[in-house]
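Position 86 (the sequence shown) corresponds to 86 in full-length UniProt numbering; numbering is contiguous. C-beta atoms are modelled at their ideal positions from N, C-alpha and C, and glycine is treated no differently.
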Amino acid sequence: MTIKIGDKLPEGTLSEFIETETEGCSLGPNTFNVQDLVKGKKIAIFGLPGAYTPTCSAQHVPGYVKHAAELKAKGVDEIWCISVNDAFVMGAWGRDQKATGTVRMMADGNAAYSKALGLDADFSKFGMGTRSQRYSLLVEDGVVTQLNIEQGGKFEVSNAETLLGQL
């Protein structure tokens, strides 16, 4: 069942490559409980099929990097990119996209969280296995308040501009 507006985010974990060790976060991949991360926060989340893929790299991530200050000015505490890749790939892609410190590049390595959201997709015909659908959502204290799911390979409603307009 696909998540919908008004639903609480499901339990689960995501991983993030941490480049600078801090108290509570060691250098390298760290696994986080989603429920802990969203408590008391407004988070813009966008999901996409894969790191370094054409639309994801040329439009999706750059749009959120470009509009990050505007999103934060409208009350967004954090911006997350979720993709079915490992934390090492997501960390490298974040550096490549100049997203470090702006967009948290969250790895869903086995698509477990994408499946829990009901937003997984079968990309086997492209040799990519199970991936994430392309979407954006806004979460306030763990509850989905906006949800934009792309249809069939499109990039029309999950962009930063659409989510910004919904705030």
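Distance, Cα to Cα, Ala111 vs Ile3?
Stepping through the sequence shown from its first residue, residue 111 is reached at position 111. Stepping through the sequence shown from its first residue, residue 3 is reached at position 3. Cα to Cα, Ala111 sits roughly 15 Å from Ile3.
Would the beta-carbon of Gly142 fall within 8 Å of that of Lys39?
For the purposes of this step, residue 142 is identified with residue 142 of the sequence shown, where counting begins at 1. For the purposes of this step, residue 39 is identified with residue 39 of the sequence shown, where counting begins at 1. Their beta carbons are under 8 Å apart, which means Gly142 touches Lys39 by this criterion.
Between which two residues does the alpha helix (DSSP H) harbouring Pro62 extend?
Counting from 1 along the sequence shown, the entry for residue 62 is found at position 62. That run of the alpha helix (DSSP H) goes Val61 to Lys66.
Residues in the same chain with beta-carbon distance under 8 Å from Asp86, minus the five sequence neighbours each way, listed in chain order, please.
Residue numbering aside, residue 86 sits at position 86 when the sequence shown is read from its first letter. Closer than 8 Å at the Cβ level, and outside the excluded window around Asp86, lie Ser15, Pro29, Ala107 and Gly109.
Indicate, with yes or no, if the ligand GDP has a heavy atom lying under 7 Å from the CB of Val76.
No copy of the ligand GDP appears in this structure; indeed no ligand is present at all.
DSSP state of Thr2 mapped onto helix, strand, coil:
Within the sequence shown, the letter at position 2 stands for residue 2. Looking at Thr2 - three-state DSSP - the assignment turns out to be coil, as it is neither helix nor strand.
Residues of its chain near Leu167, where Cβ-Cβ distance is below 6 Å and the 5 sequence neighbours each way are ignored
Walking along the sequence shown from the start, residue 167 turns up at place 167. So the list reads Lys74, once near-sequence residues are dropped.
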